[in-house]
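FYI, the numbering for the sequence shown is 1 to 457, going by UniProt numbering.
Glycine included, every Cβ here is placed at the ideal spot set by N, Cα and C.
Working notes for the structure below.
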Amino acid sequence: MESTPIQITEYDNADNVSNVYVQSSAGGDAKGMSRVDVIPPKKGDERSYLQQGMDVFLPAGFPHSVTEDYTEYQIYDSLQAFSSSIAAMLSSRAVLSSIGVGDTKASPTAALLLSVLQESVGRLATILFAHRFGTSLEPECKMYRLMADVLNDSAFILDVLSPIFPKPIRIVILSFSSILRSLCGVAAGSSKASLSAHFARWGNLGELNAKDSSQETVISLMGMLAGSLVISWITTPLATWTALIGLLSIHLETNRRAVRAVKMRTLNRQRATLVFHHLQRQQTVPSIKEISSVEHIFEWDGVLRTSTRDIMGYCDIGTPFLRLLEAVSESQTSTKASHIQQQTLSQILSLYNSSRYILWHDRRSTKDVPRFNIILKKGAEPKDLLIAWWQALFHAQDDSAAGQDGFEEKLAALERSLSRAKEFFERYEKSLREKGWDVDNGALETASSTRVVFGES
1 MESTPIQITE YDNADNVSNV YVQSSAGGDA KGMSRVDVIP PKKGDERSYL QQGMDVFLPA
61 GFPHSVTEDY TEYQIYDSLQ AFSSSIAAML SSRAVLSSIG VGDTKASPTA ALLLSVLQES
121 VGRLATILFA HRFGTSLEPE CKMYRLMADV LNDSAFILDV LSPIFPKPIR IVILSFSSIL
181 RSLCGVAAGS SKASLSAHFA RWGNLGELNA KDSSQETVIS LMGMLAGSLV ISWITTPLAT
241 WTALIGLLSI HLETNRRAVR AVKMRTLNRQ RATLVFHHLQ RQQTVPSIKE ISSVEHIFEW
301 DGVLRTSTRD IMGYCDIGTP FLRLLEAVSE SQTSTKASHI QQQTLSQILS LYNSSRYILW
361 HDRRSTKDVP RFNIILKKGA EPKDLLIAWW QALFHAQDDS AAGQDGFEEK LAALERSLSR
421 AKEFFERYEK SLREKGWDVD NGALETASST RVVFGES
């Protein structure tokens, strides 16, 4: 009795056929042996040498292992890196001239001390920048990715300017240039890590970063080779500035396009606001692509905007509980003790008893520009922060709340906005997840925050 032939198709990570194995009884013998043929891909299906060469620089399984926006981002990112490499060579030539290369009176020791000074101020700036803005680097990774290159290009301009100044001023300029370049390193490194995590669809973050480094190495090498030709042709100040401005313009524009190509799934403050207004207007959940097409790269932190992008207020998330006491207290002592009505605090805590946050007016809040503070309770999750942000938007929209100065009126208005925000989130939570929005990954906190726990003393 003849056995049924068995065919096994083998695919690579990119879902291309690599081999086909066919077992058949043909060619077998009477002892029950069968034959297995290995059939390579058809000639038209074979990967070209170019494709095989590209595999060295692309993550395994490309394009299935990365998000759809990865390719466009990498194309523009490579172009900006190429132009930046050439601009860096013009900048380096100016710096070498500033420290005395070609000047017989220049001291090697002075050049070394200048280098030490630059490194010192640059590293100090790195520490301070990471401390001040570290929390906001991931939620606002698109903004910081572009800002990093703005800082870097500013450093290039200062470097090229430096030779025309006297030596004392030149030292200050080169030191400030080093600070800008150090800030660029922190912002670019952190934002790239966040973007890589976004692109890695299969959890292949390590490989994605490794391949990104390979791409940067090749692009930088090509840029250096092209830059070597450019600096040999360009010798006059006018030609240098013309080339530099042109290269930096290309650099910033390609970087802007690269950042615009990214379609983030997380809800930071700006995207949460855009989704909120779309839900109010259309009663349907917007796609990630729709929001990406209208969001701005640069946005003020904590601003509450209308659907037409007008400012209607401000809100801070994760503020200390002292902010609430300052807003409701009648007076404060030098020891920061507050004097408030006996039932005031109890009524506020009762309103937010079932919530993991407390939203209240800031003491600087005015009728025209309301300001809010969100105090987070211990155990607050990203979705709680989203509800709190939407409550702030609801409350800022509430015309009846705009002119309320009394405590009872404020409490009633906040109770209405709290109820609306909770109902709003419950109605659309499932649809948000189905559309691909990541409501479980916190992207609303942009600064170090505190948590509070309530108990009886």
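message: I'd like the list of long-range same chain contacts for isoleucine 374, defined as Cβ closer than 6 Å, with 5 residues on each side in sequence excluded.
response: Ile317, Tyr357, Leu359, Ala388
field: 6 Å Cβ shell around glycine 223 - same chain, five flanking residues per side excluded
entry: Phe82, Ser85, Ile86
At least three beta-carbon pairs within less than 8 Å, the region 154-173 to the region 196-203: Segment contact: the region 154-173 against the region 196-203, fewer than three CB-CB distances shorter than 8 Å; contact not assigned.
query: For the alpha helix (DSSP H) that threonine 266 lies in, which residues bound it at each end?
result: Run containing threonine 266: none; DSSP gives neither H nor E here.
Straight-line Cα distance separating leucine 304 from tyrosine 314: If you draw a straight line from the Cα of tyrosine 314 to the Cα of leucine 304, it comes to about 5 Å.
query: DSSP state of methionine 54, grouped into three classes?
result: helix
field: Span separating the alpha-carbon of isoleucine 250 from that of glutamine 80
entry: Their Cα atoms are separated by approximately 7 Å.
task: Determine, using beta carbons only, whether glutamine 118 and leucine 174 come nearer to each other than 8 Å.
output: yes
- prompt: Is it true that the CB of alanine 412 sits closer than 8 Å to the CB of proline 370?
  reply: no
message: Could you pull the DSSP bridge partners for arginine 35 from this structure?
response: Ser24
task: Please go through the same chain and pick out, in chain order, the residues whose beta-carbon is closer than 7 Å to the beta-carbon of leucine 393, but skip the five residues on each side of it.
output: Closer than 7 Å at the Cβ level, and outside the excluded window around leucine 393, lie Thr273, Phe276, Leu304.
field: Given aspartate 149 as reference, the closest of Ile311, Leu444, Arg265, Thr254 once Cα atoms are compared
entry: Thr254
Cβ pair count under 8 Å reaching 3, the region 68-76 against the region 137-144: no
query: Hey, would you say lysine 378 sits closer than 8 Å to arginine 451, going by beta carbons?
result: A Cβ-Cβ contact shorter than 8 Å links lysine 378 with arginine 451.
Selection from Leu349, Trp241, Ser196 that minimises the alpha carbon distance to serine 65: Looking at the Cα atoms, Ser196 is the closest of the given residues.
query: In terms of residues, what are the limits of the beta strand (DSSP E) holding glutamate 408?
result: No beta strand (DSSP E) holds glutamate 408; the alpha helix (DSSP H) holding it covers 407-434.
query: Enumerated in chain order, which unbroken segments of the alpha helix (DSSP H) with a length of 4 residues or greater are wholly contained in the region 225-286?
result: 237-261, 269-282
message: Alpha carbons only, please: which of Gln270, Gln280, Thr284 is nearest the one belonging to valine 294?
response: Ranking Gln270, Gln280, Thr284 by Cα distance to valine 294 puts Gln270 first.
- request: For isoleucine 348, collect the residues of the same chain with a Cβ closer than 8 Å to its Cβ; drop the 5 residues on either side in sequence, then sort them by chain order.
  value: Leu324, Val328, Ile358, Trp360, Leu411.
- prompt: Rounded to a whole number of angstroms, what is the C-alpha to C-alpha distance between glutamate 429 and glycine 442?
  reply: 15 Å
task: Mind checking who residue 467 pairs with in its DSSP beta bridge?
output: Here the chain comprises residues numbered 1 to 457, so residue 467 is not present and cannot be evaluated.
field: DSSP state of arginine 201 mapped onto helix, strand, coil
entry: coil
- prompt: Relative to the alpha-carbon of serine 97, which residue among Tyr49, Arg433, Val160 has its alpha-carbon at the smallest distance?
  reply: Selected option, being the one with the closest Cα: Val160.
task: If I'm right that lysine 263 touches leucine 58 with Cβ under 8 Å, what's the distance once you round it to whole angstroms?
output: Their Cβ separation, rounded to whole angstroms, is 20 Å, which puts lysine 263 and leucine 58 out of contact at 8 Å.
Rounded separation between methionine 33 and proline 5 - CA only: Between the alpha carbons of methionine 33 and proline 5 lies a distance of about 13 Å.
- request: Answer yes or no: do arginine 145 and alanine 88 have a C-beta to C-beta separation smaller than 8 Å?
  value: Taking 8 Å as the Cβ cut-off, arginine 145 and alanine 88 do not qualify as a contacting pair.
Arginine 420 to isoleucine 297 span [Cα, whole Å]: 29 Å
task: Could you check the C-alpha separation between serine 24 and arginine 35 for me, to the nearest Å?
output: 5 Å
- prompt: For aspartate 384, does the three-state DSSP call read helix, strand or coil?
  reply: DSSP places aspartate 384 in helix when its eight states are reduced to three.
message: Quick check on leucine 376: does DSSP put it in helix, strand or coil?
response: strand
query: Leaving out five residues before and five after serine 292 in sequence, what residues of the same chain have Cβ atoms less than 6 Å from its Cβ?
result: For serine 292, where only same-chain residues beyond five positions count, the Cβ hits under 6 Å are Lys263.
- request: Give every residue of the same chain whose Cβ lies closer than 7 Å to the Cβ of glycine 436, excluding the five residues on either side of it in the sequence, and list them in chain order.
  value: Excluding its 5 nearest sequence neighbours in each direction, glycine 436 has C-beta neighbours in its own chain below 7 Å: Arg265, Ile288, listed in chain order.
message: Going by beta-carbon coordinates alone, are leucine 225 and leucine 180 separated by less than 8 Å?
response: Result no, Cβ atoms of leucine 225 and leucine 180 do not sit closer than 8 Å.
query: Should valine 186 and alanine 111 be called a contact, given that it needs their Cβ atoms to be closer than 8 Å?
result: Going by C-beta atoms, valine 186 is not nearer than 8 Å to alanine 111.
query: Where are the alpha helix (DSSP H) runs, 4 residues long or more, that stay fully inside the region 316-366, in chain order?
result: 321-328, 344-351
- prompt: So, aspartate 362 versus phenylalanine 372, is the Cβ gap smaller than 8 Å?
  reply: Taking the C-beta atoms as reference points, phenylalanine 372 is found nearer than 8 Å to aspartate 362.
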